[in-house]
Amino acid sequence: MFDPAEKYKMDHRRRGTALIFNHERFFWHLMLPERRGTGADRDNLTRRFLELGFEVKCFNDLKAEELLLRIHEASISSHTDADCFLCVFLSHGEGNHIYAYDAKIEIQTLTGLFKGDKCQSLVGKPKIFIIQVRLIMLRS
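When we follow the working numbering, the leftmost residue of the sequence shown carries the number 225, and every step to the right adds one.
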């Protein structure tokens, strides 16, 4: 049962890092349409997260390998002096995957890097993942 008196400690030296992965265009072979207007979403989120005190890093149309590298770098960084960690994906999606520029990535692969055994400096802190995708329906 939820106890309203229970809350996260949010008085560290900094709010934390917010990563925004924005995918508007995709490798032609994937046959995915452009996501027009996603730049405005990225800009609005960036502005709001800055107002909330986050250090914001935006990445646009990264290939899967580059996206995984950036996520891995964030997971091994020290978050000791941070309140939380935030990560946003703006893309297309299918099942339990999101699309990078050139390939799909399983969401669990991304979020799993921030579990307690892999990212000790975020143990006991909020790890927030926002996934805004346009679902792709496959036809048989």
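Beta carbons are placed, not taken as given, at the ideal position from N, Cα and C, and that holds for glycine.
Could you please give the first and the last residue of the uninterrupted alpha helix (DSSP H) stretch that includes residue i?
i, result
"Leu334", "331 to 335"
"His296", "288 to 300"
Consult DSSP for residue i and reduce its assignment to one of helix, strand or coil.
i, result
"Asn268", "helix"
"Glu248", "coil"
"Leu254", "helix"
"Glu230", "coil"
"Thr262", "helix"
"Leu274", "helix"
With burial defined as no fewer than 16 other Cβ atoms inside 10 Å of the residue's Cβ, what is the status of residue i: buried or exposed?
i, result
"Val312", "buried"
"Ser302", "exposed"
Pull up the DSSP beta-bridge partners for residue i, would you.
i, result
"Gly240", "Cys308"
In the DSSP assignment, find the unbroken beta strand (DSSP E) run with residue i in it and report its ends.
i, result
"Val347", "From DSSP, Val347 is part of no beta strand (DSSP E); its letter is neither H nor E."
"Tyr323", "321 to 323"
> Using 8 angstroms as the Cβ pair cut-off and three pairs as the minimum, do the segment 320 to 338 and the segment 257 to 267 touch?
Replying inline: No, they do not touch.
>> Could you check whether the segment 270 to 279 touches the segment 338 to 348, counting it as contact only if at least three pairs of C-beta atoms, one from each stretch, sit closer than 8 angstroms?
In response: They do not touch, by the three-pair rule.
> Is the segment 245 to 256 touching the segment 284 to 292 in the sense that three or more CB pairs, one from each, lie closer than 8 angstroms?
Replying inline: Enough Cβ pairs lie closer than 8 angstroms, so yes.
> Quick one: any contact between the segment 229 to 247 and the segment 291 to 300, if contact means 3 or more CB pairs under 8 angstroms?
Replying inline: The segment 229 to 247 is in contact with the segment 291 to 300.
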